[in-house]
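Peer 1: Handing you this structure, nothing more for now.
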Amino acid sequence: MSILLIEAFYGGSHKQLIDLLQRNVEDCVAYTLPAKKWHWRARTAAIYFMQAVPVSGSYRVLFTSSVLNLAELAALRPDLATLKKILYFHENQLVYPVRKNQERDFQYGYNQVLSCLVADVVVFNSAFNMESFLTTIGTFMKLIPDYRPKDLEKIIRPKCQVLYFPINFPDVKRFFTDDKHSYFSEKTVVEEARNPERCLSENEDSTLVKRLTKNSDSDQEPGSCKKISATCQEVPLNPPGTPQELNRKEESESTVPYHEEDKEQPTFDPCGKTGGMVEKCDGLTNQQRPLRIVWPHRWEHDKDPEAFFKTLLKLKEKGLNFQVSVLGETFSDVPDIFTEARKDLDVCVSHWGYISSKEEYFKALCEADVVVSTAKHEFFGVAMLEAVHCGCYPLCPNALVYPEIFAAEYLYSTPEQLFKRLQNFCKRPDLVRKHHAKVDTDQFSWAALCREFRSLLAAEAREDL
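First residue of the sequence shown? That's 1 in UniProt numbering, and the numbers climb one at a time after it.
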């Protein structure tokens, strides 16, 4: 095994990446720690791996996430210090929204800076992640009372690059409701045209690639993100009577429903008898079925669940009809707001809690119409892109990584804007279901990114140490 994968927090996106590399890149071996007690993993993982990783002359590359203090491991294991050391940032601690800025919090960001100084290549999952980290180093180091280091950004920046997190998107068409079948058909045609020649994951059919390659433009570079983005911009604007028009209406102060005929639509009790999962809505028209909202994030304070539930309670108070699925992984400390919101929303709830089965999780996403983020801390957002892949309309803060990935029409700047968007969507859910999100998820797939990851991991060991 020439590629040594080390993950000190083997859960969530960290686990997804390690598993994906092990399945699709040859000569990998992984050593991991469970995704529990994050702070202790950041403090002590290096000394654990010092003992857990056997000495071997076959290692050429060391790939790890920024949870591990790479400087400590390199010092404890000089044999690993000579490898090409790749540090991958899923997040960075320099801009993490801590509740209390205690002295101990300095250590986590400091560990990441030390790791960058030792690493040969530093990879970030988004440009926002990279720039927020590098441009904050100087300010962060001012927390040191005296004898501060200088010019660390200049030392680290030349090692840095952006390589988006690769998502292994599954085939979800079997989970689609009737109103999403047309979405999937259109999406498939667009994606096949954009990426005729791809790296194959273990489940993909090579005959499809050969067929598409034969019919593709020979001038298009396979997996080119720039050309994909350019193609996205050529998608025609939606016709009148679309979610965009509903969105534009929210900019005015008026709260009058967008369509005058809305007042003649049947009146529903909020989240009442017509709510629930899709199968409970038999016999209802596309307009009558309640808007289905999903929140698929970790149950932690940095995802700002308070803002999300406050918005839903306002919708309920307005008598608007919707259903909500609150998914995402939970850890030992769950904010109290989740217990309170579960009780207050009650009949509006379709699903509540973490779904361990990936198949059931994607099924729940396919049943939703709108996916919402209220995050105060997001450097990529796998859950949002997975939901878009499943046909959901995304609503994200106009901050963090989101403007890098999502067009302006999917962004909101204030909680009031989020409320107005959802209010309008509750009134015309049929328009939301017809919308084809202008987000090219394919450029974030393993198929599009595999060559770059394989190239990154193919380097030989350093000979100058």
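For every residue, glycine included, the Cβ atom is placed at its ideal position computed from N, Cα and C. A quick note: this is a predicted structure, and the numbers were derived from the prediction, not measured.
Nearest to Phe453 by CA position, among Lys376, Lys303, Val25, Lys15, is which residue?
Peer 2: As a first step, residue 453 must be located in the sequence shown, where it is residue number 453. Comparing Cα positions, the closest option is Val25.
Peer 1: Excluding the 5 residues flanking Val118 on each side, which residues of the same chain have their C-beta closer than 7 Å to its C-beta?
Peer 2: Counted from its first residue, the sequence shown places residue 118 at position 118. Excluding positions up to five away in sequence, the list reads Leu70, Ala71, Ala74, Lys85.
Peer 1: Between which two residues does the alpha helix (DSSP H) carrying Pro415 extend?
Peer 2: Within the sequence shown, the letter at position 415 stands for residue 415. Run containing Pro415: 415-427, per the alpha helix (DSSP H) assignment.
Peer 1: Would DSSP call Trp38 helix, strand or coil?
Peer 2: Mapped onto the sequence shown, residue 38 falls at position 38. In this structure, Trp38 counts as helix in the three-state DSSP scheme.
Peer 1: Smallest Cα separation from Phe140: which of Pro397, Phe165, Val113, Ile156?
Peer 2: The count along the sequence shown starts at 1 and reaches residue 140 at position 140. Cα-wise, what sits closest to Phe140 is Val113.
Peer 1: I need the boundaries of the beta strand (DSSP E) containing Leu87, first residue and last residue.
Peer 2: Taking the sequence shown and counting its residues from 1, the one referred to as residue 87 is at position 87. Element bounds for Leu87: 84-89.
Peer 1: I think Tyr88 touches Ser66, with their Cβ atoms under 8 Å apart; what is that distance to the nearest whole Å?
Peer 2: Here residue 88 refers to the residue found at position 88 when the sequence shown is read from its first residue. Here residue 66 refers to the residue found at position 66 when the sequence shown is read from its first residue. Their Cβ separation, rounded to whole angstroms, is 7 Å, which keeps Tyr88 and Ser66 in contact under 8 Å.
Peer 1: Measure the C-alpha to C-alpha separation of Ser126 and Phe406 and round it to an integer number of angstroms.
Peer 2: Within the sequence shown, the letter at position 126 stands for residue 126. Within the sequence shown, the letter at position 406 stands for residue 406. Taking the straight line from one Cα to the other gives about 13 Å.
Peer 1: Taking 8 Å as the cut-off, does the region 422-441 touch the region 317-331 (at least 3 CB pairs, one atom from each stretch)?
Peer 2: Short answer: they touch.
Peer 1: State the start and end residues of the unbroken beta strand (DSSP E) segment that holds Asp322.
Peer 2: In the sequence shown, residue 322 corresponds to position 322, counting from 1. First, the amino acid is wrong: residue 322 is Phe here, not Asp. Unbroken beta strand (DSSP E) run through Phe322: 322-326.
Peer 1: How would you label Ile137, buried or exposed, when you count the other beta carbons within 10 angstroms and need 16 or more for buried?
Peer 2: Along the sequence shown, read from residue 1 onward, the residue named residue 137 stands at position 137. When all chains shown are included, Ile137 counts as buried.
Peer 1: Can you check whether the CB of Pro296 is closer than 8 Å to the CB of Val401?
Peer 2: Along the sequence shown, one-based indexing puts residue 401 at 401. Along the sequence shown, one-based indexing puts residue 296 at 296. Contact: no.
Peer 1: Could you tell me whether the region 345-356 touches the region 301-315, where touching means 3 or more Cβ pairs closer than 8 Å?
Peer 2: Touching, yes, given that three or more Cβ pairs across the two stretches are closer than 8 Å.
Peer 1: If we call anything under 8 Å between Cβ atoms a contact, is Ile156 one with Val122?
Peer 2: Along the sequence shown, one-based indexing puts residue 156 at 156. Along the sequence shown, one-based indexing puts residue 122 at 122. In contact: Ile156 and Val122 (Cβ atoms closer than 8 Å).
Peer 1: Which residue wins for smallest C-alpha separation from Asp171, given the options Ala341, Ser56, Gly391?
Peer 2: For the purposes of this step, residue 171 is taken as the residue at position 171 of the sequence shown. It is Gly391.
Peer 1: Check whether the region 331-341 touches the region 356-372, taking contact to mean three or more Cβ pairs, one atom from each stretch, closer than 8 Å.
Peer 2: Contact fails: fewer than three Cβ-Cβ distances are below 8 Å.
Peer 1: Identify the continuous alpha helix (DSSP H) that holds Thr339 and give its terminal residues.
Peer 2: The residue you call residue 339 lines up with position 339 of the sequence shown. First-last of the alpha helix (DSSP H) with Thr339: 337-345.
Peer 1: Determine the extent of the beta strand (DSSP E) in which Glu378 is found, giving its start and end residues.
Peer 2: What you label residue 378 is simply residue 378 of the sequence shown in a count that begins at 1. Run containing Glu378: none; DSSP gives neither H nor E here.
Peer 1: DSSP on Leu312, reduced to helix/strand/coil?
Peer 2: One-based indexing of the sequence shown puts residue 312 at position 312. Correct three-state label for Leu312: helix.
Peer 1: How far does the alpha helix (DSSP H) with His389 in it reach, from first residue to last?
Peer 2: In the sequence shown, counting from the first residue as 1, residue 389 sits at position 389. Element bounds for His389: 382-389.
Peer 1: Is it buried or exposed for His14, if we count other Cβ within 10 angstroms and need 16 for buried?
Peer 2: Within the sequence shown, numbered from 1, the residue matching residue 14 stands at position 14. Result: buried.
Peer 1: Go to Ser455, then tell me how far its alpha helix (DSSP H) extends in each direction, as first and last residue.
Peer 2: Numbered from its first residue, the sequence shown carries residue 455 at position 455. Ser455 -> alpha helix (DSSP H) spans 446-456.
Peer 1: May I ask you to report which of helix, strand or coil DSSP gives Thr135?
Peer 2: In the sequence shown, counting from the first residue as 1, residue 135 sits at position 135. In this structure, Thr135 counts as coil in the three-state DSSP scheme.
Peer 1: DSSP three-state label for Arg174, please.
Peer 2: Residue 174 sits at position 174 when you count from the first residue of the sequence shown. Three-state DSSP puts Arg174 in a helix.
Peer 1: May I ask which residues mark the beginning and end of the alpha helix (DSSP H) holding Leu365?
Peer 2: Counting from 1 along the sequence shown, the entry for residue 365 is found at position 365. Counting along the chain, the alpha helix (DSSP H) containing Leu365 begins and ends at 358-366.
Peer 1: What span of residues does the alpha helix (DSSP H) with Leu117 cover, start to end?
Peer 2: Within the sequence shown, residue 117 is the residue found at index 117, counting from 1. Element bounds for Leu117: 105-118.
Peer 1: Determine the contact status of Ser373 and Pro397, defining contact as a CB-CB distance below 8 Å.
Peer 2: Taking the sequence shown and counting its residues from 1, the one referred to as residue 373 is at position 373. Taking the sequence shown and counting its residues from 1, the one referred to as residue 397 is at position 397. A contact, by the Cβ cut-off of 8 Å.
Peer 1: Tell me whether His389 is buried or exposed, calling it buried when 16 or more other Cβ atoms sit within 10 Å of its Cβ.
Peer 2: Translated into positions along the sequence shown, residue 389 becomes position 389. With 16 or more other Cβ atoms within 10 Å, it is buried.
Peer 1: Taking the Cβ atom as the reference point for each residue, do Ala81 and Ala45 lie within a distance shorter than 8 Å?
Peer 2: In the sequence shown, the residue the question calls residue 81 occupies position 81. In the sequence shown, the residue the question calls residue 45 occupies position 45. No; because the gap between Cβ atoms is not below 8 Å, this pair is not in contact.
Peer 1: By the three-class DSSP mapping on this structure, what secondary structure does Arg433 have?
Peer 2: Stepping through the sequence shown from its first residue, residue 433 is reached at position 433. Here Arg433 sits in helix by DSSP.
Peer 1: Please name the residue in Ile144, Glu153, Tyr147, Lys142 whose C-alpha comes closest to that of Leu134.
Peer 2: Here the question's residue 134 lines up with position 134 in the sequence shown. For the residues Ile144, Glu153, Tyr147, Lys142, the minimum Cα distance to Leu134 belongs to Glu153.
Peer 1: Take Asp302 as the anchor and find which of Leu76, Glu378, Thr441 has the nearest alpha-carbon.
Peer 2: On the sequence shown, position 302 is the one that residue 302 refers to. Ranking the options by Cα distance to Asp302, first place goes to Glu378.
Peer 1: Give me whichever residues DSSP pairs with Lys65 in a beta bridge.
Peer 2: Here residue 65 is taken as the residue at index 65 of the sequence shown, counted from 1. For the sequence presented, residue 65 should be read as Ser rather than Lys. Bridge partners of Ser65: Tyr88.
Peer 1: Measuring alpha carbon to alpha carbon, tell me which residue in Asp442, Arg43, Val29 is nearest Ser56.
Peer 2: Here the question's residue 56 lines up with position 56 in the sequence shown. Looking at the Cα atoms, Val29 is the closest of the given residues.
Peer 1: I'd like the list of long-range same chain contacts for Tyr393, defined as Cβ closer than 8 Å, with 5 residues on each side in sequence excluded.
Peer 2: As a working note, residue 393 is residue 393 in the sequence shown. These residues qualify, in order along the chain: Pro243, Asp369, Val370, Val371, Tyr410, Phe425, Val432, His435, Ala437.
Peer 1: What three-state label does DSSP hand Phe9 in the structure shown?
Peer 2: One-based indexing of the sequence shown puts residue 9 at position 9. DSSP places Phe9 in strand when its eight states are reduced to three.
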